[in-house]
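Note that my numbering gives residue 185 to position 182 of the sequence shown, counting from 1, and the numbers run on in steps of one.
C-beta: ideal position from N, C-alpha, C; glycine also.
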Amino acid sequence: DKISQAEADLYKVAEGATTGSEAQDFRTAALGALKMVEAAINSGGKFSGKTTGLETVNDKTSGLHNSDLIILAGRPGMGKTSLATNIAFNAARRLMDDKKIGIEGEDSPGAATAFFSLEMSADQLATRILAETAEISSEKLRSGKLSKEEFQRLSFASQELNELPLYIDDTPGLTIGSLRTRARRLKRRHDIGLVIVDYLQLLQGSGRANDNRVNEISEISRGLKTLAKELHVPVIALSQLSRAVEQREDKRPQLSDLRESGSIEQDADMVWFIFRGEYYHNALKPDTPDETSSEDVRMKYADWEARHLELVNRATLIVAKQRHGSTGNVPLLFQSEFTKFTSPEMRGGYEDYE
């Protein structure tokens with residue numbers, strides 16, 4: 004704790020601040036607000052924060068805003084890590100591309116990104132990013148069963164991303180204090196503009212929670228919100244959901260499903276749930292009929308198949324909380340073979356998208 008506090012104090016000194024938080028006059032605050040509005044205007048009225056690289060998400064949220072804590076939650080198999088990896092890559096790629104044409108710093112909606120992966124290794128995350136970029140399945144990359152043309156695409160993607168400002172820390176078992184220390188160092192060394200943590204429940208508290216897991220989770224979520232404000236960057240923290248989702252007929256998550264939630268919902272500026280109806284529908288697949296099957300069996304399969312075609316590759320980002328905006332459903336497409344989320348082309352609104 005003392006080391007972490009010393010790091011925090013040194014960071015503040017390096018930033019030209021005192022070790023205590025100073026009040027800001029209205030003129031300074033208003034200038035910051037005007038800069039945000041100007042960024043929104045320059046984006047064509049679409050977003051004022053850092054880009055997610057997903058147009059429908061940017062439209063709904065106005066991007067990722069500095070000092071915000073965003074919770075991204077979902078049940079296993081929904082694609083939490085895939086979506087977080089996509090956003091990390093998209094933000095870092097945008098900054099890299101903008102630098103090539105002379106757009107840097109706050110003028111770019113991109114961001115150097117720190118990805119704290121407490122579950123997957125750096126190699127596994129890099130494999131996902133290469134699979135997404137080269138559009139080669141992760142399974143093929145792991146097995147090495149690539150055609151010559153696919154290997155050439157992979158080599159090109161790898162060379163193209165040599166300068167990608169994405170920093171992966173896969174140290175297991177981090178405490179919230181040690182994560183904040185590492186994030187400060189990355190801010191000093193690489194001026195990171197986005198932090199992603201995969202995932203919140205794998206972090207450890209300071210040990211002051213007296214073995215109370217709910218209190219420990221509350222300490223961790225508050226620590227992540229404090230980090231977002233201290234570094235003045237958006238922080239996306241992935242979170243598990245309770246099994247209560249599986250007990251309901253409607254599998255779409257709700258705020259009450261946040262696992263061991265503590266004060267997660269209160270600390271978060273935004274809460275996102277990723278949901279893919281296709282995942283649950285596939286689990287209900289009936290036996291494929293043959294020439295001996297009854298009419299009832301054939302009809303049951305035909306009904307299942309019709310619904311499958313409606314759901315395939317579709318995903319929904321449920322914005323369940325947004326402190327500075329409205330809630331609602333955001334449509335996405337998911338290419339499972341590349342673990343890649345993209346935005347569909349929408350004509351009109353999408354309030355009824357499932």
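Reduced DSSP category for residue i - H, G, I as helix; E, B as strand; rest coil
i      : result
GLN1   : Only positions 4 to 357 of the chain appear in this structure, which leaves residue 1 out of reach.
ARG191 : helix
MET123 : coil
GLY108 : helix
SER140 : coil
GLY226 : helix
THR330 : coil
ARG246 : coil
VAL238 : strand
ARG317 : strand
LEU335 : strand
TYR202 : coil
GLN155 : helix
GLN269 : helix
PHE341 : helix
ASP101 : helix
THR116 : strand
THR84  : helix
ALA129 : helix
ALA76  : strand
LYS148 : coil
LYS288 : coil
LEU177 : coil
LYS401 : Only positions 4 to 357 of the chain appear in the structure, and residue 401 is not among them; the question remains open.
LEU182 : helix
LEU312 : helix
Residues near residue i by beta carbon distance below 6 angstroms, same chain, minus five either side
i      : result
PHE118 : ALA91, ILE171 and ILE199
PHE344 : LEU86, ASN89, LEU335 and PHE337
LYS228 : LEU72 and ASP270
TYR283 : LYS254
LEU144 : THR130 and ALA134
ALA247 : ASP260
Cβ distance (whole Å) where residue i is taken to contact residue j below 8 angstroms
i      : j      : result
ASP100 : GLU107 : Going by Cβ atoms, the distance from ASP100 to GLU107 rounds to 11 angstroms, so no, they are not a contact pair.
TYR304 : THR291 : 7 angstroms
ARG97  : SER111 : 7 angstroms
THR174 : SER209 : At roughly 17 angstroms, the Cβ-Cβ gap does not stay under 8 angstroms, so THR174 and SER209 are not in contact.
ILE195 : ILE74  : That pair is no contact at about 19 angstroms.
PRO237 : LEU197 : 6 angstroms
ASP201 : GLU122 : 6 angstroms
GLY80  : ALA318 : In fact, because the Cβ distance is near 12 angstroms, the residues do not count as touching under 8 angstroms.
LEU320 : VAL333 : 4 angstroms
Candidates the options, of which the one nearest residue i by Cα
i      : options                           : result
ASN316 : ARG279, PRO79 and SER297          : ARG279
SER70  : GLU153, LYS148, LYS53 and ARG192  : LYS53
ARG183 : GLN207, GLN162 and SER161         : GLN207
HIS193 : LEU234, ALA134 and PRO79          : LEU234
PRO168 : TYR283, ALA94 and GLU308          : ALA94
THR116 : LEU67, SER146 and ILE104          : LEU67
ILE132 : GLU152, GLU109, SER150 and GLN162 : GLN162
ALA286 : ASN61, ARG188, THR64 and LEU314   : LEU314
PRO347 : ASP126, LYS38 and THR59           : THR59
LEU312 : ILE321, SER150, SER146 and LYS288 : LYS288
THR84  : ALA114, SER150, ILE239 and GLY147 : ILE239
ALA186 : ASP126, ARG211, SER120 and GLU281 : SER120
GLU3   : GLY180, ALA231, GLU298 and VAL248 : The chain is shown only over 4 to 357; residue 3 falls outside these bounds and no answer can be derived.
ILE277 : LYS232, PHE159, GLY331 and ASP306 : GLY331
LEU155 : GLU166, GLU138, GLU142 and SER146 : In the sequence as presented, Leu is not what sits at residue 155; that position holds Gln. It is GLU138 whose Cα lies nearest to the Cα of GLN155.
ARG188 : SER65, LEU230 and ASP293          : LEU230
Contacts around residue i, its chain only, beta-carbon distance under 8 angstroms, and the 5 residues preceding and following it disregarded
i      : result
GLY352 : Annotation note: pLDDT 49 at GLY352 (below 50); position unreliable, coordinate value reported separately. Within the same chain, GLY352 has no close Cβ partners at all.
GLU135 : THR88, ASN89, PHE92, PHE341, THR342 and LYS343
LEU261 : ILE74, ALA76, SER242, LEU244, SER245, ILE267, GLU268 and VAL274
GLY56  : ASN89, ILE90, PHE92, ASN93, ALA94, ARG96 and ARG97
LYS38  : GLU109
ARG225 : SER266 and ASP270
Cutoff 7 angstroms; reference residue i; Cβ partners in own chain excluding five residues on either side
i      : result
LYS190 : LEU234
SER124 : ASP173
SER339 : none
Three or more C-beta pairs below 8 angstroms linking the segment 270–290 and the segment 321–340: yes
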